[in-house]
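Numbering (the numbering used here), first residue to last: 3 to 458.
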């Protein structure tokens, strides 16, 4: 072991005689270099190992000098190093330098260590940027860019059932999240009595991961998804609750649909026109109808965009022909600006919830009425009228799948759709078979009243 340089002074004497800011040699170090000390401005003595290679001097910090440490102690105290402990630490550095002399010695080793630290910091920074929370945010932004209306629902579910209740998991790198963690999220939602929402959470999570995974080979997906380094889909390891996916079939009966038509056919102004257009175009999805743009209208048809379907796909164009009564309704709506169905000159479109509320208000005499039941009621009425399943699907833009439909069948089906709408209009104008509402008993006629006749 090296000893203090006796040709000059003892270690203590050298340290006590330090000039602030200047280095002083304490002893030689085997096999290379020397131990040095420096008095800092605050009074602390710092110890260094110094070596020269290729005429370049390198100093490595060992640590503070602890004047109260046992003189023969070989390990640092909580406050610093004794002279002997500093010598041992310097010798370890000298040995590393000696073993790597051909590659540049300690200076090269330190450069490699610093590069490794920079890479580690960069990796940590990247991990901070590519968290589960950010992946879900990028996915909802992607849906919005594709004009998929589901982006609002996905964003809400992610916020309420992932980010808020699971902040530690949301802050993890997305590539480190497990299927078990996603299953725990679903379990929590199930425990809240929201089974359908739990399945939707799984579906959206699975789609987000699949988008990032597919970005490696699918150029249409934005490049930033690749940075998440997703090679497996943890949401695919979970199982949905199939009992929660059963459709709630509760269509309006043909009589209730006729009563609804009777209720809206004479409502004046913009409100009545919008309700009539919705029904006379076959009960289109309300969110799609209110998003109609003036540029997507012609004298005989309107063009809607169906955002339903596989995640990541752009909305599918859907042409709906117009009956004369629907054309009249559009004239009453007076489209202008960007959006055709608007109360502010086309700057924004009518909210889907507003149309639904207007429908409920108009149908106050129809028990358990919901606007979504109009669509299934139209389907049921046309089915009973022997309109084919394929034509009904084309009219309402659902059930169109498979290679033949998507790639080979180029027919626009406008004639078939128009015939179905004509049949619908004729059926709506028929008097209800039972004049009483479905959830209300008909009042008994008094002697001074007569049974009202149905209005066509």
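We put the CB at the ideal spot given by N, CA and C, even for glycine.
| Asked | Found |
| --- | --- |
| Own chain partners of residue 289 with C-beta closer than 7 Å, once the 5 adjacent residues on each side are dropped | 151 and 354 |
| Assigned secondary structure, residue 367 (DSSP; H/G/I helix, E/B strand, else coil) | coil |
| C-beta contact flag for residue 71 and residue 87 at 8 Å | yes |
| 8 Å Cβ cutoff met for residue 133 and residue 185 | no |
| Helix, strand or coil at residue 191 [DSSP, three-state] | helix |
| From 238, 223, 85 and 329, residue whose alpha carbon lies closest to that of residue 17 | 85 |
| Cβ neighbour criterion (16 or more within 10 Å) applied to residue 256 | buried |
| Residue 309 versus residue 291: straight-line alpha-carbon distance, rounded | 12 Å |
| Neighbour-count burial assignment, residue 1, 16 or more Cβ in a 10 Å radius | Nothing about residue 1 can be reported from this structure: the residues present for the chain run from 3 to 458 only. |
| Separation of residue 268 from residue 406, as counted between CA atoms | In this prediction, residue 406 scores a pLDDT of 40, lower than 50, which makes its location untrustworthy; the coordinate-derived value is nonetheless stated afterwards. Going by the C-alpha atoms only, they are around 43 Å apart. |
| Validate contact between the segment 419-428 and the segment 377-387 using beta carbons, cut 8 Å, 3 pairs | yes |
| Euclidean distance between Cα positions of residue 374 and residue 281 | 11 Å |
| Helix, strand or coil at residue 258 according to DSSP, with G and I counted as helix | helix |
| Closest residue to residue 295 among 319, 273, 284 and 274 (Cα-Cα distance) | 319 |
| Beta-carbon spacing of residue 225, residue 144 below 8 Å | no |
| Contacts around residue 55, its chain only, beta-carbon distance under 7 Å, and the 5 residues preceding and following it disregarded | 107 and 109 |
| Beta-carbon contacts of residue 21 that lie in its chain and below 6 Å, excluding the five residues immediately before and after | none |
| Assumed close pair residue 431, residue 398 - CB separation to whole angstroms, cut-off 8 Å | 21 Å between Cβ atoms; not a contact. |
| Other residues of its chain near residue 188: CB distance less than 7 Å, five sequence neighbours each side excluded | 200, 203, 204 and 240 |
| Three-state secondary structure assigned by DSSP to residue 66 | strand |
| Cβ-Cβ separation, residue 236 to residue 179 (assumed contact under 8 Å), whole Å | 6 Å |
| Candidates 181, 304 and 346: closest to residue 331 by CA position | 304 |
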